[in-house]
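The structure appears below as structure tokens.
Residue numbers (this note's numbering), protein chains in the order written: chain A, 1 to 320; chain B, 1 to 563.
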């Protein structure tokens with residue numbers, strides 16, 4: 001098995017690369033847009049590629065039997081790069097593609113969702129792009145496995161570990177009372193990697209989509225309070241109604257500022273995180289994912305919630 | 001889901017059918033209903049009001065008070081709305097003590113048919129619902145390293161100074177849990193629906209239906225397999241007594257027990273505890289647990305002393321000097337005294353007592369404010385930040401006295417008294433239903449408990465030598481009864497008992513002489529404990545939920561009880 005990890009520099013992709021290298025040295029190729037010195041040190045073979053430029057793909061796919069699509073990007077670019085990658089993989093005679101999607105395809109649905117539950121009708125641009133990508137994968141003519149992680153947290157996760165930690169320290173999140181009764185569907189990044197390896201290995205997984213989440217999720221309030229306690233952001237702040245209103249007002253300018261910063265390539269400039277209405281809505285969304293199908297067909301082991309949170313917060317607290 | 005009966009069409013003359021009907025949407029009713037989310041039990045939760053306060057609904061609570069000096073008007077301390085009186089509570093929570101459930105031969109009528117453990121195992125879940133953090137009520141364990149000592153070096157034998165009270169946000173159960181109920185497909189919340197009568201099924205032990213009315217003129221019925229009345233100590237008795245179609249004395253009242261043993265607490269502020277130890281060794285304030293909960297120490301009279309002295313349960317707290325006396329010299333205390341007209345009834349009564357304002361008194365208080373302007377302003381800013389603007393509110397006024405001299409805030413059990421009662425008044429409410437009449441009485445033992453506890457504390461302090469307690473015994477009745485029955489703790493009017501001779505409901509909360517009518521909440525408590533009742537109200541509602549679920553799964557439990 002020779003695996004190309006497209007998006008091999010990313011948060012999940014880089015971990016898949018090192019995991020594959022550790023388990024079978026030489027069996028992995030990191031699909032990168034830019035050089036990465038640490039991979040050289042680890043002896044990882046790199047394939048410079050840019051899926052937005054189809055001409056760069058045949059070289060990267062030569063000799064490859066399995067592809068992991070862990071590329072990230074804007075909604076528009078995501079669909080294009082996935083289409084290009086799938087076409088080139090088919091051309092190159094790749095056996096299997098493991099495609100990373102997201103539970104965002106379910107939108108704001110509540111209740112218990114299964115791996116074959118229908119897409120949401122209220123999805124945002126990101127979710128819509130993920131749906132489009134899934135449809136491309138299903139129609140690709142390749143053997144495929146679709147993995148839909150929920151919120152990926154753990155060491156290295158900015159949105160679901162570092163950002164949460166920052167907002168807790170700033171007392172902008174904490175005890176959300178009735179606004180935090182939704183279920184917090186986390187999956188530790190190491191568990192996502194384990195699921196990807198299982199998807200590469202197990203034939204029963206082919207032609208299946210799997211939702212990756214804690215089968216017994218805690219509420220957002222529980223998660224935020226536990227997190228705050230572990231990073232010593234105590235006493236935990238209970239958010240009053242006026243603070244939510246202020247966050248709502250501040251979200252648009254903060255978001256605009258972050259976009260400007262990214263455009264100006266000033267990534268070091270600290271712009272406070274925005275608590276946008278869609279972010280806030282998540283805290284109240286009560287959805288859980290039935291693990292029966294994934295446990296049967298994929299059978300990867302999940303880190304229990306307390307252990308995962310401990311790892312995530314230890315990483316957060318040790319930064320800087 | 002929610003349905004507002006005030007605006008619903010086609011309600012008049014209709015009949016709703018359900019499995020479980022819960023009447024009353026306060027902490028008990030809401031906590032109970034929450035336990036059925038996701039089960040196969042269909043629930044109708046009846047709220048005698050809307051989502052917010054409404055004068056017309058609230059007026060249905062009006063009633064008569066035999067002695068107005070002894071009891072507040074019945075429209076105070078209670079809220080007839082979704083969330084019930086949790087719309088106004090202070091949030092103070094602590095469990096009942098094991099001694100409360102023991103046989104205490106020196107207290108007439110102090111007898112529970114259940115043990116402390118039967119309730120205590122529900123305190124963790126009740127603590128979560130009341131949002132008081134971890135169910136830890138020991139000052140040594142509530143915060144890392146333990147809480148600050150109340151008085152460094154003072155280790156009395158008769159009092160436990162490590163007992164804690166923990167404060168809810170305070171959580172309005174309606175706001176906090178309304179959304180969960182609204183989303184639950186098997187829960188139907190009826191707003192602005194007023195139960196006026198409980199009816200038997202053709203004079204059988206089975207309750208068949210409830211008759212409900214709306215202020216808009218509709219009348220309808222709810223049929224259910226089981227009914228729970230969770231409308232508080234006063235309304236529960238009133239509804240049972242007023243349901244006279246099938247039972248001339250009211251449902252469950254064959255032995256004239258409904259409405260009797262109406263208990264509150266014996267509470268007030270008195271005495272002067274002067275410490276000779278440095279002021280920084282005395283601490284009477286709050287500390288916060290990791291989750292943000294405010295915790296405070298209390299002095300609990302140990303059970304062996306209660307037994308030895310033959311008195312009831314009691315706790316004491318260090319308290320700032322009495323507000324109306326300008327001699328305390330604190331600007332902020334005077335400012336609050338002067339602000340009396342702007343403070344809500346419940347709190348103003350507590351803070352000011354019955355003292356009348358005079359021009360010279362006002363002037364002396366104004367002088368206190370003027371001579372301490374920065375202290376007063378700083379306090380108010382702090383108060384705004386930690387209370388007015390905060391979602392988890394700083395629970396009460398904490399001002400250290402200038403001279404290291406405190407008063408004592410006393411909260412004592414009121415012992416059972418069949419003569420203290422709720423009956424039906426001759427006056428009628430908007431539905432033509434009899435209003436409640438309250439005749440609250442206390443017993444000599446109630447004041448004796450306070451007297452003995454003060455003496456025991458005085459002796460302990462003298463032995464220690466770091467402080468001295470001065471009080472005038474003759475002052476006790478006035479200080480403890482300044483407010484009459486204390487606050488909104490309405491307990492005991494449909495007490496739990498081992499037999500119909502002893503109580504209105506059995507150990508499960510089921511009304512004797514019925515198959516399927518249950519009561520939840522403080523009405524069923526045979527004794528009042530030293531503790532504020534809400535936490536135990538929630539815990540007992542959770543216990544009832546467990547029983548009802550078991551009974552549904554295994555109907556044999558029904559016959560077992562009946563036999």
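Built from N, CA and C at the ideal position, the CB exists for glycine as well.
Rounded separation between residue i and residue j - CA only
| i | j | result |
| --- | --- | --- |
| residue 200 (chain A) | residue 282 (chain A) | 31 angstroms |
| residue 303 (chain A) | residue 63 (chain A) | 34 angstroms |
| residue 77 (chain A) | residue 132 (chain A) | 12 angstroms |
| residue 527 (chain B) | residue 108 (chain B) | 10 angstroms |
| residue 371 (chain B) | residue 360 (chain B) | 17 angstroms |
| residue 380 (chain B) | residue 294 (chain B) | 19 angstroms |
| residue 520 (chain B) | residue 229 (chain B) | 6 angstroms |
| residue 270 (chain B) | residue 483 (chain B) | 13 angstroms |
| residue 535 (chain B) | residue 264 (chain B) | 15 angstroms |
| residue 332 (chain B) | residue 369 (chain B) | 7 angstroms |
| residue 123 (chain B) | residue 266 (chain B) | 24 angstroms |
| residue 165 (chain B) | residue 95 (chain B) | 9 angstroms |
| residue 170 (chain B) | residue 255 (chain B) | 39 angstroms |
| residue 514 (chain B) | residue 302 (chain B) | 39 angstroms |
| residue 342 (chain B) | residue 334 (chain B) | 14 angstroms |
| residue 218 (chain A) | residue 183 (chain A) | 6 angstroms |
| residue 392 (chain B) | residue 120 (chain A) | 36 angstroms |
| residue 17 (chain B) | residue 271 (chain A) | 56 angstroms |
| residue 197 (chain B) | residue 210 (chain B) | 6 angstroms |
Contacting residues, own chain, Cβ-Cβ under 6 angstroms from residue i (five flanking each side not counted)
| i | result |
| --- | --- |
| residue 547 (chain B) | 508 |
| residue 345 (chain B) | 76 |
| residue 545 (chain B) | 32 and 35 |
| residue 608 (chain B) | The question about residue 608 (chain B) has no answer, for chain B in this structure spans 1 to 563. |
| residue 238 (chain B) | 436 |
| residue 43 (chain B) | 20, 33, 36 and 187 |
| residue 247 (chain A) | 275 |
| residue 439 (chain B) | 66 and 421 |
Close beta carbons around residue i, own chain, < 8 angstroms, minus the five adjacent residues each side
| i | result |
| --- | --- |
| residue 561 (chain B) | Any reading at residue 561 (chain B) must be qualified, since the residue scores a pLDDT of 47, below 50, and its modelled position is unreliable; no value is offered. |
| residue 563 (chain B) | Because the pLDDT at residue 563 (chain B) is just 36, under 50, the model does not fix this residue reliably, and the point stays unresolved. |
| residue 161 (chain A) | 153, 154, 155, 312, 313, 315 and 316 |
| residue 66 (chain A) | 1, 2, 3, 4, 94, 95, 96, 97, 98 and 200 |
| residue 559 (chain B) | With a pLDDT of 46 at residue 559 (chain B), under the threshold of 50, the predicted position of this residue should be treated as unreliable, and no value is reported. |
Beta-carbon proximity list for residue i, same chain, < 7 angstroms, skipping 5 on both sides
| i | result |
| --- | --- |
| residue 226 (chain A) | 309 |
| residue 171 (chain A) | 237 |
| residue 136 (chain B) | 142 |
| residue 149 (chain B) | 283 |
| residue 233 (chain A) | 168 and 169 |
| residue 443 (chain B) | 415 and 417 |
Beta-bridge pairing of residue i - partner residues as DSSP gives them
| i | result |
| --- | --- |
| residue 211 (chain A) | A:148 |
| residue 467 (chain B) | B:275 |
| residue 423 (chain B) | B:437 |
| residue 21 (chain B) | B:44 and B:227 |
| residue 69 (chain A) | A:6 and A:99 |
| residue 295 (chain B) | B:166 and B:287 |
heavy atom of the ligand HEM below 7 angstroms from residue i C-beta
| i | result |
| --- | --- |
| residue 9 (chain A) | With respect to the ligand HEM, the structure offers nothing, as it holds no ligand at all. |
Open item on the list: Assess contact between the segment 113-128 of chain A and the segment 98-105 of chain A, defined as three or more Cβ pairs (one per stretch) separated by less than 8 angstroms. Is contact present?
Closed with: yes
TODO: Anything in the segment 97-126 of chain A with a Cβ closer than 7 angstroms to a Cβ of chain B? List those residues in chain order, please.
DONE: none
TODO: Taking only beta carbons into account, state which residues of the segment 173-200 of chain A come closer than 7 angstroms to chain B, listed in chain order.
DONE: The segment 173-200 of chain A vs chain B, Cβ under 7 angstroms: 175, 177, 178 and 181.
TODO: Return the residues of the segment 166-190 of chain B that lie within a Cβ-Cβ distance of less than 9 angstroms from chain A, sorted by chain order.
DONE: Listed by position along the chain: 169, 171, 175, 176, 177, 178, 179, 180 and 183.
- [ ] Mind checking the segment 358-376 of chain B against chain A and listing, in chain order, the residues whose C-beta falls within less than 8 angstroms of any C-beta there?
- [x] Considering only beta carbons, no part of the segment 358-376 of chain B lies closer than 8 angstroms to chain A.
Open item on the list: Below 8 angstroms, how does it come out for the segment 190-200 of chain A and the segment 252-260 of chain A: are there three or more Cβ pairs, yes or no?
Closed with: As far as the Cβ criterion goes, the segment 190-200 of chain A does not touch the segment 252-260 of chain A, which means the pair count is below three.
- [ ] Taking a Cβ distance cut-off of 7 angstroms, strictly less, list which residues of the segment 195-229 of chain A are near chain B, in chain order.
- [x] 225 and 229
Task: Cβ pair count under 8 angstroms reaching 3, the segment 205-212 of chain B against the segment 67-85 of chain B - done: no
Open item on the list: Any C-beta of chain A within less than 8 angstroms: which residues of the segment 385-418 of chain B qualify?
Closed with: 389, 390, 391 and 392
- [ ] Anything in the segment 272-292 of chain A with a Cβ closer than 9 angstroms to a Cβ of chain B? List those residues in chain order, please.
- [x] 284 and 286
Task: Interfacial residues, the segment 261-289 of chain B to chain A, with Cβ spacing under 9 angstroms - done: 288 and 289
TODO: Assess, as a yes-or-no matter, whether the segment 5-22 of chain B is touched by the segment 45-52 of chain B under the definition of 3 or more beta carbon pairs within less than 8 angstroms.
DONE: yes
Open item on the list: Residues of the segment 236-268 of chain A in Cβ contact with chain B at a cutoff of 9 angstroms, in chain order, please.
Closed with: 236, 237, 238, 239, 240, 241, 242 and 243
Open item on the list: Any C-beta of chain A within less than 7 angstroms: which residues of the segment 291-316 of chain B qualify?
Closed with: 291 and 292
Open item on the list: Would you call the segment 150-165 of chain B in contact with the segment 279-295 of chain A, where contact means no fewer than 3 C-beta pairs closer than 8 angstroms?
Closed with: Remark: fewer than three beta-carbon pairs, one from each stretch, lie closer than 8 angstroms, so the segment 150-165 of chain B and the segment 279-295 of chain A are not flagged as touching.
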